[in-house]
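Asker:
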Amino acid sequence: MEISRDAYRAIEDIVGPEFVTDDPALLDSYAFQYLAELIRPEHSHFMPRPWAVVMPRTTKEVQAVTRLANKYKIKIKPISTGWYHWAAPLKDNEPTLQLDLRRMNRILDFDEKNRFAVVEPYVICAQLQAEVMKHGLNINITGAGSSCSIVASACAYFGAGPSSFSMGNNSDNLLGQEWVTPAGEIVRTGSVSSGAGWFCSEGPGPSVRGITRGYLGSRGGLGTYTKCAIKLADWPGPASLEVKGRPPGYRLPVPENFRVYTIGAPDWDSFAECYYGIYDNTLGYIFHRQFNLAGADLATALWLTYIDPTKTLNDVETAAADPEIKAINEKARISFQLILAAHSSDGIELQDKILDEILTATGCYKVERYCDKDMAEFTNMYLQRMGHKHCNFIWAGGYMGSWMQAGKPDWVKTYVPTAIETFKNDQDSGLLVQCGGDALMGCGSTLAGGGYYGFEQFVSYDPADIKSVKACVKHMEDAVVTCREKGIPYGKEYLYLQVAWPDEAVWNALARAPQTFVFDFQRKIKEAFDPNGLGDRNYPWLPEGWGKSAASAQKE
Amino acid sequence: MSIEDFRADAMRCSRCAYCKWMPLDLMKSWRFSKGCPSIEYGNFHSYSAGGRLITALSLMDGRSTVTDKVRDTVFMCNMCGSCDVSCKICRYDMEPLQAMRELRVKLVEEGHLPAALAKCVESLKTNHNMLGAPKERRGDWAKTLGIKDLSREKAKVVFHAGCRYSFDGEQSGVARTAVAILKKAGVDFGIFGATESCCGGRSYGMGLNDPVKHCAETNLAKWHAAGVETVVTPCADCYYAFKRLYPQVAGSQIKVLHMVELVEQLVRDGQLKLTKPVTMKVTYHDPCHLGRQGEDYVPWNGKEKKIFGQAVCYDPPRPRYNGAFGVYEAPRSLLQSIPGVELVEMERNREAAWCCGAGGGAREAYPKFSQWTAGERIEEAEATGADALVSACPWCEKNFSDSVRHGGHKLKVFDILQLVEQAL
Ligand code: SF4
Ligand code: SF4
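Chains A and B, in that order, give the protein sequences.
According to this note's numbering, the residues represented by the first sequence are 123 to 678, in order.
According to this note's numbering, the residues represented by the second sequence are 6 to 429, in order.
#1: Hey, which unbroken runs of the beta strand (DSSP E) at 3 residues or more fall wholly within the region 386-450 of chain A?
#2: Beta-carbon of residue 60 (chain B) versus every beta-carbon of chain A: anything under 7 angstroms?
#3: Is residue 52 (chain B) near ligand 1, judged by its Cβ being under 6 angstroms from some heavy atom?
#4: Does chain A have any CB closer than 7 angstroms to the CB of residue 50 (chain B)?
#5: Tell me whether residue 585 (chain A) counts as near ligand 2, meaning its Cβ is closer than 6 angstroms to at least one heavy atom of that ligand.
#6: Flag this pair as touching only if the region 87-98 of chain B and the region 43-62 of chain B have three or more C-beta atom pairs under 8 angstroms; answer yes or no.
#7: Taking the alpha-carbon of residue 3 (chain B) as reference, which of B:361, B:363, B:329 has the nearest alpha-carbon?
#8: Taking DSSP's pairing of strands, which residues face residue 578 (chain A) in a bridge?
#9: Can a CB atom of chain B be found closer than 7 angstroms to the CB of residue 555 (chain A)?
#10: Kindly indicate if chain A contains any beta-carbon less than 7 angstroms away from that of residue 377 (chain B).
#11: Which residue spans inside the region 324-367 of chain A form an unbroken alpha helix (DSSP H) run of at least 4?
#12: Grab the span of the alpha helix (DSSP H) containing residue 688 (chain A) for me, first residue to last.
#13: With a threshold of 6 angstroms (Cβ to nearest heavy atom), would residue 65 (chain B) be considered close to ligand 2?
#14: Give a yes or no on whether the C-beta atoms belonging to residue 407 (chain A) and residue 461 (chain A) are separated by under 7 angstroms.
#15: Under 8 angstroms Cβ to Cβ from residue 585 (chain A), same chain only, skipping five residues before and after it: list those, please.
#16: To the nearest whole angstrom, what separates the beta carbons of residue 323 (chain B) and residue 307 (chain B), a pair I think is in contact under 8 angstroms?
#17: Considering just the uninterrupted stretch of the alpha helix (DSSP H) at residue 597 (chain A), what are its terminal residues?
#18: Taking DSSP as the reference, what is the three-state secondary structure of residue 477 (chain A)?
#19: Between the beta-carbon of residue 326 (chain A) and the beta-carbon of residue 316 (chain A), is there less than 7 angstroms?
#20: Any idea if residue 215 (chain A) is buried or exposed, counting beta-carbon neighbours within 10 angstroms, 16 or more meaning buried?
#21: Please determine whether the Cβ atom of residue 83 (chain B) lies at a distance below 6 angstroms from any heavy atom of ligand 2.
#22: Using only the heavy atoms of ligand 2, determine whether one of them is closer than 6 angstroms to the beta carbon of residue 156 (chain B).
#23: So who's on the other strand from residue 300 (chain A), going by DSSP bridges?
#24: For residue 242 (chain B) versus residue 207 (chain B), is the C-beta spacing smaller than 7 angstroms?
#25: Using a Cβ distance threshold of 8 angstroms, determine whether the region 384-402 of chain A contacts the region 527-536 of chain A, with at least three qualifying pairs required.
#26: By the three-class DSSP mapping on this structure, what secondary structure does residue 26 (chain B) have?
#27: Return yes when the Cβ of residue 441 (chain A) is within less than 7 angstroms of the Cβ of residue 450 (chain A), no when it is not.
#28: Closer than 7 angstroms by C-beta to residue 320 (chain B): which residues in its own chain qualify, once you throw out the five before and the five after it? Chain order, please.
#29: Ends of the beta strand (DSSP E) at residue 218 (chain A)?
#30: Leaving out five residues before and five after residue 211 (chain A) in sequence, what residues of the same chain have Cβ atoms less than 8 angstroms from its Cβ?
#31: Note the first and the last residue of the continuous alpha helix (DSSP H) segment covering residue 72 (chain B).
#32: Using a Cβ-Cβ cut-off of 7 angstroms (strictly less than) and excluding sequence neighbours within five positions of residue 352 (chain A), which residues of its own chain qualify?
#33: Which residues in chain A have a C-beta closer than 7 angstroms to the C-beta of residue 335 (chain B)? List them in chain order.
#34: Between A:283, A:282, A:347, A:281, which has its C-alpha nearest residue 308 (chain A)'s C-alpha?
#35: Around the Cβ of residue 83 (chain B), are there at least 16 other Cβ atoms within 10 angstroms (buried) or fewer (exposed)?
#36: Quick one: any contact between the region 143-152 of chain B and the region 395-414 of chain B, if contact means 3 or more CB pairs under 8 angstroms?
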């Protein structure tokens with residue numbers, strides 16, 4: 123199946139012939155997506171191929187291409203830094219234009235006084251952070267890392283990260299956006315919609331931000347976001363990160379007004395109490411359970427190996443058997459990373475004292491080896507810049523995040539043992555990386571203001587080994603069944619699996635969700651803004667009356 | 006090796022796109038944050054390392070075929086290795102640079118070598134150089150210098166000028182400078198003059214296997230016959246070929262030094278004294294083949310093994326070329342030992358350096374792309390406020406000089422040896 127020559131030529135007229143392609147090999151580089159092998163027939167690494175890839179440079183070009191797509195009834199799927207299987211077209215044989223937004227890559231405005239920046243979709247977190255740090259400001263870097271698009275994380279996904287604990291998520295920090303609807307209209311949200319500038323997320327009238335993104339974001343399923351304004355946070359550190367060391371374990375010296383700790387807990391109850399103590403006392407510039415992505419059995423062995431540039435993964439095996447490292451590992455088994463920041467030495471000393479009180483009261487402690495200079499500087503580097511996030515794939519090239527149910531600490535601690543047990547059982551086959559049942563990782567906040575968070579299990583598998591891929595799928599299914607049986611809400615694995623389902627199955631699942639009115643509401647949004655159905659179901663909605671008995675539908 | 010050997014790399018690519026950027030930790034601005042010239046110029050994902058892995062998989066699986074566009078995505082790349090460094094920040098099981106070269110090999114075998122590169126390879130065969138110059142002229146640069154001719158005499162050190170310094174009249178002054186420095190330091194060395202032949206390294210980068218093997222065997226035989234124990238070169242491409250490729254393709258055990266390493270050592274040992282001030286603010290460009298690709302060769306003939314069920318490692322452990330141990334400090338130390346020189350760094354330096362644009366056949370096959378790449382570096386150098394951009398490779402210097410000339414820039418371009426000469 124291919125795009126008609128008429129449509130292709132019309133696109134060329136809009137963006138220029140060098141910025142559109144329908145060459146099969148080039149299209150395949152967009153069809154290939156992380157996680158595809160978990161859900162595609164025969165575990166193919168390729169999602170459905172787009173019919174063409176188009177690279178607009180301006181909002182006007184996005185609009186023109188979108189209007190053209192309406193004329194030719196071709197779906198639109200924007201991608202910026204692009205990640206996950208759902209970044210590709212979702213269905214085979216469905217005509218789709220992939221809009222690669224990488225040419226829209228400018229920082230358009232930076233308002234130091236009002237603390238926001240306006241960016242295009244291909245500006246990544248690391249770029250903006252580097253620029254705003256020169257002015258004593260910072261941005262929340264999404265948990266997926268600083269190679270990710272700010273627009274994508276704020277407008278189209280969730281955008282929680284290690285610094286969300288103090289700065290909020292990018293979806294919270296979204297101050298306005300420019301949106302080319304699937305029908306080809308240009309809509310601006312927030313204060314910019316009334317010509318008042320980009321300083322406020324809500325403009326006159328109903329919350330358009332809520333309409334466009336819902337909770338999780340439309341993930342390319344409801345048109346294209348071409349600009350957004352993002353709120354900036356305080357940065358009490360140096361104007362530029364003066365990084366030391368050799369790759370891969372770069373180090374960032376810890377300034378006098380910062381502290382970098384790994385905090386250990388004797389059990390999950392103490393972990394939760396410690397979290398409350400830190401949260402209640404408004405400590406914590408960064409709160410993240412980062413290093414446990416390697417699994418609680420292997421984390422210390424991995425990271426101490428990683429920071430030595432002469433070593434490779436082979437050395438982890440030896441390190442993991444070293445009694446000294448094993449002892450450190452036990453201290454760090456239930457742990458998290460905490461970075462404190464203040465504007466003065468008095469300020470940081472006070473924070474230190476409060477933290478010590480909290481630790482004493484909760485039985486938690488600083489894990490000494492992780493707080494040594496080398497590991498502290500590495501931790502500082504990792505979490506301030508988030509430039510090592512693809513260590514997610516470090517074991518075998520494949521990672522799938524299961525569980526990820528968010529809630530208050532008292533809730534999180536209740537699902538953690540189940541998540542650990544389920545994962546541990548699935549590792550016994552040897553077809554997943556055997557790193558211990560607890561490979562739970564996550565940021566200290568998934569809600570503006572903190573106090574609410576969740577962990578995901580880092581399930582490491584080998585995408586080049588079909589048995590390992592199948593074992594990962596089995597784990598996803600096991601996690602879903604376990605959640606169902608234990609009354610735990612489904613985690614991310616359920617969303618991942620749904621990508622392969624037919625519409626009817628997805629709608630049946632949505633119809634069983636606790637608040638189906640959301641999906642009814644979103645249908646109305648879709649009807650208004652996407653009359654020709656150019657978006658895909660990454661923006662979820664329910665057909666009218668779906669899953670309801672005639673009587674209850676009538677009653678409504 | 007063949008592209009099939011990198012099938013697992015392709016399947017394990019997480020499409021994270023780190024390969025498009027400089028190491029994220031080192032990023033200091035929006036302007037100079039990119040790592041890969043190819044994706045910046047070509048834009049489609051296939052112009053990145055990750056994209057080429059996918060192309061390889063797509064071709065191997067018969068999902069697509071080699072079109073003109075595909076050929077461009079494969080060859081419009083400097084083989085600079087920035088992608089390799091960035092990918093390996095988080096990965097031990099990926100070799101994107103090697104995989105991209107094997108993809109080139111596949112295309113070359115199937116008859117898709119770009120015409121401009123086919124010309125270079127032909128010149129290598131007939132004239133023993135990549136520049137299309139008559140081989141008899143190779144030794145002209147040294148004719149009047151009275152240097153020991155190792156085709157007749159013996160020495161433990163051979164100075165290998167390389168194709169650019171031998172044939173390019175604008176550049177061969179650097180070769181003369183180099184030998185003057187060696188003479189001044191009292192090094193007993195010789196050259197092969199007219200019988201010197203290309204290192205073959207650039208043909209390897211273009212995706213050919215045989216020429217570099219042939220060059221290695223020829224050069225090693227000549228060096229052995231002349232009693233050579235150390236080869237020293239002012240060219241980063243030659244350095245890489247001798248140091249990394251010759252052991253691999255011909256079992257070479259000869260000691261290899263770049264001129265900057267040798268001269269820095271001579272200065273440190275007091276055999277050369279840099280006394281005359283050279284009042285200049287300079288910035289140093291790390292040539293890819295001396296910097297991030299200049300790490301020592303480690304023989305390896307192992308296989309993949311798994312630990313902890315599925316974690317991928319190698320038996321025996323696989324050498325890790327990730328730019329951690331390239332030649333970065335010798336040139337900087339040398340520059341800093343020149344009185345009056347003020348060294349300022351570009352934002353992208355050492356393993357994170359932006360390429361000059363001349364590598365991988367890009368200068369020959371995609372001149373616009375190659376010059377654009379150089380122009381980006383010129384702007385970065387200018388942003389430091391430096392008077393001059395200094396490098397240690399004739400290919401970098403040529404591309405930069407062309408770019409400065411065409412762009413009307415004021416920046417001066419020097420080989421590091423030219424500054425050393427001024428200070429002697
Ligand atoms: S080649 Fe490496 S850096 Fe590039 S997308 Fe693949 S895994 Fe990421
Ligand atoms: S070798 Fe250089 S130009 Fe080629 S893909 Fe890698 S970074 Fe880009």
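Ideal placement from N, C-alpha and C gives every residue a C-beta, glycine not left out.
In this text the structure is predicted, and so the values were computed from the model without any measurement.
Answerer: Here's the rundown:
#1: 408-411
#2: Under the Cβ criterion of 7 angstroms, residue 60 (chain B) is counted among the residues facing chain A.
#3: no
#4: yes
#5: no
#6: yes
#7: A question about residue 3 (chain B) goes unanswered here, because the residues of chain B that appear run from 6 up to 429.
#8: A:525, A:563
#9: yes
#10: no
#11: 330-335
#12: Missing from the structure shown is residue 688 (chain A); chain A here goes from 123 to 678 and no further.
#13: no
#14: A contact, by the Cβ cut-off of 7 angstroms.
#15: 159, 167, 518, 519, 520, 591
#16: That pair is a contact at about 6 angstroms.
#17: 588-608
#18: helix
#19: One thing to note: residue 326 (chain A) has its Cβ within 7 angstroms of the Cβ of residue 316 (chain A).
#20: exposed
#21: yes
#22: no
#23: Looking at the DSSP output, residue 300 (chain A) shares a beta bridge with A:310, A:349.
#24: yes
#25: yes
#26: If DSSP states are grouped into helix, strand and coil, residue 26 (chain B) belongs with the strands.
#27: no
#28: Taken in chain order, the residues that qualify are 307, 308, 310.
#29: 218-222
#30: 153, 169, 170, 171, 172, 197, 199, 218, 220, 658
#31: Per DSSP, residue 72 (chain B) belongs to no alpha helix (DSSP H) and is neither H nor E.
#32: 238, 239, 241, 261, 272, 276, 292, 295, 296, 297.
#33: Result: empty, since nearest Cβ-Cβ is about 16 angstroms, beyond 7 angstroms.
#34: For residue 308 (chain A), the nearest C-alpha among the options comes from A:347.
#35: Residue environment for residue 83 (chain B): buried (at least 16 other C-beta atoms within 10 angstroms of its C-beta).
#36: In short, these stretches do not touch, since the Cβ pair count stays below three.
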